[in-house]
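The listed protein sequences derive, respectively, from chains A and B.
If you're matching positions, the first sequence starts at 1 in the working numbering and goes up one per residue.
If you're matching positions, the second sequence starts at 1001 in the working numbering and goes up one per residue.
Quick reminder that beta carbons are idealized off the backbone N, C-alpha and C, glycines included.
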Amino acid sequence: MNDVRYSAPSTLDEASKAMLAANGTGWILAGGTDLLVQMRSGMRKPGVIVDIKKIDEMMTVQDLGGGSYRIGAAVSGAVLGEHKALKKAWPGVIEAINLIGSKQVQGRASAGGNLCNASPAADSGPALVAAGAILAIHGPNGRREIPVEKLHSGPGRTTLAPGEILVSFTLPARPKGSSDAYLRLIPRTEMDIAVVGVGVNLTISGGKCTAARVGLGAVAPTVLLVEDAGKALVGSSLDDAAIEKAAAACRAACKPINDKRGTIEYRTKIAGVLLKRSTAIAIERAKGN
Amino acid sequence: MSNGKYKWIGTRVDRPDGADKVTGRARFGADFNLPGQLMGRVLRSPHAHAIIKSIDTSAAEKLPGVKAVMTAKDLPDQPNLIVPTGEMQVNMRDITRNILAREKALFEGHPVAAVAAVTDAIAKQAIDLIKVDYEVLPHVIDVTEAMKPDAPVLHDHLMTEGVKPPPTKASNIAKRMDNAKGDIEAGWKQAEVTIEREYTTQAVHQGYIEPHAALASAAEDGQLQIWSTTQGHFQVRGFCSRLLGVEVSQIRVTPTEIGGGFGGKTVVYLEPIAARLSQKSGKPVKMVMTREEVFRASGPAPGGTVKVKLGAKKDGTIVAAECEIALQAGAFPGSPLGPACWTSFACYDIPNIKVVGFDVVSNRAKVAAYRAPGAPISAWGVESTLDILAQELGMDPIELRLKNAAKKGTKTSYGPTFDTIGFVETLEAIKNSAHYKTKPKPGYARGVAAGFWFNVGADSSAAAHVAEDGTVTVISGNPDIGGSRASLALMAAEELGVDYSKVRPIIADTSSIGFNFVTGGSRVTFATGLAVVNSVRDMIRELKVRAAKTWGVDPEAVIWEDGMAKPAGSNVGEFEPLSLAQLAASAGKTGGPINGHAQLNAQGAGPGFGVHVVDLKVDHDTGCVHIDRYTAAQDVGTAIHPSYVEGQIQGGAVQGIGWALNEEYIYNAKGRLDNAGFLDYRMPVASDLPMIDALVVEVPNPHHPYGVRGVGEVPIVPPLAAVGNAVSRSMNIRMTDLPLSPPRLSAAIDAATPKIAAE
Ligand SMILES: Cc1cc2nc3c(=O)[nH]c(=O)nc-3n(C[C@H](O)[C@H](O)[C@H](O)COP(=O)(O)OP(=O)(O)OC[C@H]3O[C@@H](n4cnc5c(N)ncnc54)[C@H](O)[C@@H]3O)c2cc1C
C-alpha cells in the first residue's frame, strides 16, 4: 500500500483520463466497501485511486416518469432506501441493494460498485437483471449503453474497457400491474454472502402474466438472465404448474461450484425454492399496483 | 437470592473499567507503542506438511529498513517437558516448534521466520524476500483419517502413550486415556433399552474480536518488558523465560485490556518472537496478527468424534454408559482430552461407566483452550443420546435427567465424589420456568441439554492497600475478561464494610504482585476472589491492631464492623468507633502504612451445572434454522455481580449456538484453510438470536466465603446438544454431525423424503 495517489475529479472526462493515465494501476473509488477491503488484504495495490463521488451525474437519482428512473452508479444504498417513490416503483431492486452489508456499509456502498466488483454473488445483480436495467458507460470514446447482463465476463471481470466508467443504470417504465422481488439465501440473517440470489420482475394483466424476467445469482461465473424461467411464467395465470416450470428452469440454468458456501446440489435446489418464493412476493406486490 | 444477605454482593454496580471501554480510552493490545519501535511480521508456511530443507534470509536482511530477522535457530531447543497452561498441558519441546517451525512445517500458517523493520510495509516486503526450500509431504487433516495405520505421520518420535504393550511404531495417536467406574459388562446385562450412536464435531475458533498483539522491549542490561493481550501475563513471563533463556525476574509483563480470549489467549505466539527480535535489533518490536493469521495459526478448539452407548431400565434409570472420544490436537499432541473424558457423564449418577479417549495429531493449527475445553464435544454426544433415550422411553427429557442427576455424594467416573452441587436445582429451574411451561409455537420444536464443568482453583496472590484518605486499592494479577474487577471490588467492599466506590481494583504486572495462574478455568472470581478476601482480612487484622494501639487495648478486644473498628464489648472500655479514614489518617503514628496481603493455592472449586432449553424451527425447503426462544439455567454458587454472571451465561450460549449451527474449519484438498475470516467462518450475528434468558440458580459453594463457584465455562457445554436435539425433533431425523448448517440439514431432509418424480 505504498504511495497511493488520490484524485477526486468533478467531470467524467477527467476521471476517465486519470484512469487511462494510470495505465492499469488505477482503481475507481465509489463507496470503497469492496476496494478498501481488497487493498487491506493485499489483493489490490492501486497506484491511483479515482474517487467518483464528486461527479454530479453519478450521485443523482432522476425520475424519468412512468416508473422509469436513472440512478447514478455511486449513489449509496442508504440514499436509495430512503427514496420513497423509487422504492415503491422498484421494491425488488431496492430491497436487493439494501441487503448489501449492514447499516454502516449501506451508508457507503453503491449499486455501481456492487456491479463493477463483478462478484457473481453480488446482491444487486439478479434484481437489476430481472428489472432489465440499462447501463450507461462513459469512456475515452464517449458513451455507450448495454443491458446489465452484458457487464460481467467472469468472476471479478467486467467488459469495461480501459478508462471506462459505469455512470448510471436506468430502470425501464413498466405498465400497471408490474412489480418485482429479490430473495437471497444466506446461512445467517445478516452480514453474509448470497449462496443463491433470485430476482423476479413481472407484469400481470387480466389475470395473466404478460411479462416476466428472472435474474439468478451465485450459481454460475456471472449473474444469469434465465430466459426460460421468464417464458414459463409469461402467458400463464401464475399457477403452481407454471411456477414449478420456472423453478425447474432456474435449477437447469445453474452451473454452480462446490465450495465453502454451498454444494452444487444445495445451490441448485435453492435456486428453485427462491424462484417460487420471490415470484410469490412479486405477484402479491403486482396485484397491489 | 443473595440480595438481602449482603450489602454489596449481588448488586449490579457499574464496572470499574466500564467508562474507559465505552469511551474508547481503554488500551488494548495493539494500542501500545514505544518510541523507536519496529514492526514485526511472521513468514508462514503455505504447506500443510513439509520438510524445511533450508531457509535463506540473506535478501531480507539486506533490505534497507530491516533491523532483525530470525528463524528457529535463534531460539534454543527445548526439552520434552510438560507444563500446565490454564486447563491445557503443553510440551516445551513442541511449543518452541509451534512458535517457529524447526524440522518441518506442520500446518498451513505455521511460522517459519520473522522480521522486524522500521515500517510494517518494509517488514512485509522482507517476508516476501525470505526463501524457504520445502519438500512437500502428504498431509492429513481429519482425525479418523489421521488414526489410520497408513496415514502420513507427523512426528517420527510419537509413540502412543497409555497403551499396553507400548507401541514400537510412530503414529498420530499421541495418547489413549481410560477411566471407568463399576462393572460395565454387568451394566449392559441389566439394561432393558440400549442406544448407541456416533457423532462428529468440527474445529471451531474462539472468535475473540481482538487479534493477538504484543510489544517487547529488551534493554542492553538483559531486562525485558512485554505488553501483551493475554489471559495470563505470568504464563507469558514463564514461557518467555524458558523459550528465550532469560531469568524470570528479568522479565516484566504488563497485560493490556483484552478483547476476548475464551481460553485462546492462555498460550504464547508472538511474545517470544517480538522479544527475540527486540534483543537482536536493540529496539522495541511490536507485532499484531491479522485476522487471517488468527484463524490460520491460533486457537482453535478441536473437532472430534464421539461414540456413545447408554443402557437404561424402562423407568429411565441409566445403568450403563460408555463413551469413546477422539479429539484433534492439531499439529502437536495435547487436545483437551482429559476434560472431554471426565466431563462426559459427570452430570449423572450412573453405576457403570467406561470412557476411552484418544489424542490425535494432524496437519492443523495446534488447538488451544476454549471455554470448558473438551466438554462441549463429549456433551454433544452424550446429551444427544440421552435425548434419543427420552424419545425411546417416551419420557420428558428433564424428567429423565432428574431421575439420573448427580447429587452430593455421587462418585464420578474420574475419581472425586461431589460435595454440595446444584444440578437438581438447575433442572428444576428449567422445569418450572415460564419457557418450559409454555408449549413451543406451532411449527417450532424444543430441545433440552445439560452440561458440567469442574471450575478450578489454583494459585493466586492479592494485596489490599489503604490510602491516606481511607480509600482502598485492591491489587490482583488476573486480566479481566468477564467483569472480574467489579466482582473482586464487590467482595472487598463487602468484607471491609465500605462503599463499593471506595474500592479501586487494579490488575498489576508480573513484577508488582505475586504469581497468579491464568484467567481461565472459571477460577478468577473463586480463587483470586478468595485471595482478595484474605488480603482484606489481613488488612482488617492490621486495622484492629492500629485501633487497639490507639485505645491502648489488646487487638483481640477490637472487632471490625460496618467499616469501623469497635470495642468487642462494654468490658473493653468506652471508645468511639474508628473509621477506616480515621485509622488511615493516623497510620503514621500507629505503625506506618496499612496493607494486607494474601497468597494461596485455592482448593475446593465448586463444580457448575447448566441446563438449556431452546425452541427453534427448521425451514424444510432451505435447511435454515430460526431460533425463537432460548433459556439457560445455571448453578453459579453466588452471583457476585448478577449482570456479568448473566452476560457469561448468554455469551457462552451464543458461542455454543454458533458451534452447533454454522461454525467450522473448511480445508481444501491441499490442506489449506479455506475460510480464514469472519465472512465464511460464520459466528452468529445479533440478528440470528433471540434474547437469551439467563436463569441464575444459587447453590453456594461451601468452600468459598461467599459461595462462589465460577460461571464462564458451563454455558458453552449444553447448547450444541440443546440445538441439535431441537433440530432433530423438528426434522424427525436424528442429526449426529456438526455443524447443522443449511446445506447439511437440507441434504438430510432430502435424503429422508421420497424423490419427486419430476426431478
Ligand atoms: C461488511 C461487508 C458486508 C458486505 N455485504 C455484502 C452483501 O451482503 N451483498 C453484496 O452484494 N455485497 C456485500 N459487500 C460488498 C460491497 O459492500 C458491495 O459490493 C458494494 O455494493 C460495493 O460498492 P462500493 O460503492 O463500496 O464499491 P467500491 O468498493 O468503491 O468499488 C467496488 C469495485 O468496483 C469498481 N467501481 C466502483 N464504481 C465504479 C464505476 N462507477 N465504474 C467502474 N468501476 C467502478 C471499483 O474500482 C472496485 O473495483 C459487503 C462488504 C462488506 C465490507
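When 8 Å is used as the limit between beta carbons, A/E57 is near no residue of chain B, the shortest such separation being about 33 Å. Considering only beta carbons, the part of the stretch 1650-1670 of chain B lying closer than 7 Å to chain A consists of N1662 and I1666, in chain order. Using a Cβ-Cβ cut-off of 8 Å, B/D1621 counts as an interface residue toward chain A, since at least one Cβ of chain A sits closer than that to its own. DSSP, read as helix, strand or coil, puts A/S236 in coil. As the crow flies, the alpha-carbon of B/P1336 is around 8 Å from that of B/A1329. CA-to-CA, the gap between B/E1428 and B/E1663 works out to about 31 Å. Runs of beta strand (DSSP E) with 3 or more residues, each lying fully within the stretch 170-258 of chain A, are found at 178-185, 196-205 and 208-217, listed in chain order.
Secondary structure in the stretch 1639-1708 of chain B: the beta strand (DSSP E) runs of 3 residues or longer, each lying completely within the stretch, are 1692-1697 in chain order. At a cut-off of 8 Å between beta-carbon atoms, A/R261 makes contact with chain B. In the displayed model, B/Y1370 falls within coil according to three-state DSSP, outside both helix and strand. Within 10 angstroms of the beta-carbon of A/A133 lie 16 or more other beta-carbons, which makes it buried. Residues of chain A whose Cβ lies closer than 9 Å to the Cβ of B/A1726 do not exist, since the nearest Cβ in that chain is about 17 Å away. Going by beta carbons, B/M1289 and B/I1273 fall outside the 8 Å limit. DSSP, read as helix, strand or coil, puts B/F1107 in coil. The straight-line gap separating the alpha-carbon atoms of B/N1601 and B/G1018 is approximately 30 Å.
DSSP, reduced to helix, strand and coil, places B/Y1199 within a strand of the structure shown. Ranked by Cα distance from B/A1676, the first of B/T1071, B/Q1078 and B/H1205 is B/H1205.
The beta-carbon separation of B/G1596 and B/M1539, rounded to 3 Å, stays under the 8 Å limit for a contact. Counting along the chain, no alpha helix (DSSP H) covers A/T25, and no H or E run does either.
In the DSSP assignment, A/N98 falls within the unbroken alpha helix (DSSP H) covering P91 to N98.
At a threshold of 7 Å, A/N117 counts as near ligand 1, since its beta carbon sits closer than that to one of the ligand's heavy atoms. Chain A has a Cβ within less than 8 Å of the Cβ of B/D1680. In the structure shown, B/I1184 falls within a helical segment according to DSSP collapsed to helix, strand and coil.
In the three-state reduction of the DSSP assignment, B/S1378 falls in the helix class, which pools H, G and I.
Boundaries of the beta strand (DSSP E) harbouring B/E1322: I1318 to G1330, taken from the DSSP string. Annotation note: the stretch 1573-1644 of chain B contains the following uninterrupted beta strand (DSSP E) runs of length 3 or greater, listed N- to C-terminal: 1595-1602, 1608-1618 and 1625-1635.
Here B/M1159 carries a coil assignment [DSSP, helix/strand/coil]. B/A1660 and B/G1264 have their C-alpha atoms some 19 Å from each other. Interface annotation for the stretch 182-193 of chain A against chain B: L185, P187, R188, T189, E190, M191, D192 and I193, criterion Cβ-Cβ distance under 8 Å. The beta carbon of A/I100 sits no closer than 8 Å to any beta carbon of chain B.
Between the stretch 1009-1029 of chain B and the stretch 205-214 of chain A there are fewer than three inter-stretch CB-CB distances shorter than 8 Å, so the stretches are not counted as touching. Not one heavy atom of ligand 1 sits closer than 7 Å to the Cβ of B/D1680. Here the alpha carbons of A/L151 and A/A18 stand approximately 22 Å from one another. The beta carbons of B/V1614 and B/V1685 sit no closer together than 8 Å. At a C-beta separation below 8 Å, B/A1747 has these neighbours in chain A: T263, E265 and Y266. Per the Cβ contact rule, the stretch 1181-1200 of chain B is in contact with the stretch 1381-1393 of chain B (3 or more Cβ pairs under 8 Å).
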